[in-house]
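Residue numbers (the working numbering): 279 to 415.
Working notes, beginning with the structure itself.
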């Protein structure tokens with residue numbers, strides 16, 4: 279949830295809004311506060327857009343809307359049955375690029391690369407939300 283809130287703050291030009299669950303949509307005007315200077319948020323937006331457009335997050339591209347995000351992986355210190363390291367996967371992003379409406383964080387235990395696993399799930403979630411009537415525009 280914190281990673282999704284961070285992505286949303288970056289998308290809003292550095293303004294934080296207290297996150298809420300999908301089944302608890304509300305608009306509390308007192309929940310907004312600037313947490314990043316606008317120029318820093320703009321730089322982060324550009325970097326996150328590039329990550330999805332031409333970097334490790336390509337599999338999170340949302341056709342027609344655009345998306346921005348950050349991939350990640352974390353060593354767990356554990357090994358699987360074959361003795362290979364278990365790597366956790368994550369992706370945090372938002373869409374659309376113009377007037378962002380959704381910020382989502384995906385964490386996959388043992389998922390490996392964030393760009394190959396969690397970014398794909400991010401895209402699937404966004405596409406499902408749009409298909410079921412939650413408008414990202």
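Virtual Cβ for every residue (Gly too), placed ideally from N, Cα, C.
Nothing here was measured: the structure is a model prediction, and the numbers come from that model.
Buried or exposed: which applies to residue i, given that a residue is buried once 16 or more other Cβ atoms fall within 10 Å of its Cβ?
i           : result
residue 340 : buried
residue 325 : exposed
residue 302 : In this prediction, residue 302 has a pLDDT of 48, which is less than 50 and means its spatial position is unreliable; what the coordinates show is noted afterwards. Exposed.
residue 354 : exposed
residue 322 : buried
With the cut-off set at 8 Å, would you say residue i and residue j are in Cβ contact?
i           : j           : result
residue 287 : residue 294 : yes
residue 338 : residue 368 : no
residue 314 : residue 342 : no
residue 375 : residue 327 : yes
Return the Cβ separation of residue i and residue j in integer angstroms, given the expectation that the two are a contact with Cβ distance under 8 Å.
i           : j           : result
residue 347 : residue 370 : 6 Å
residue 393 : residue 320 : Wrong, their Cβ atoms sit about 24 Å apart, outside the cutoff.
residue 351 : residue 365 : 5 Å
residue 378 : residue 289 : 4 Å
Judging by CA-CA distance, which residue of the options is the nearest neighbour of residue i?
i           : options            : result
residue 280 : 383, 344, 393      : 383
residue 386 : 292, 311, 349, 411 : 349
residue 309 : 318, 333, 373, 296 : 296
residue 373 : 391, 403, 334, 357 : 403
residue 333 : 363, 412, 391      : 391
residue 380 : 360, 412, 330      : 412
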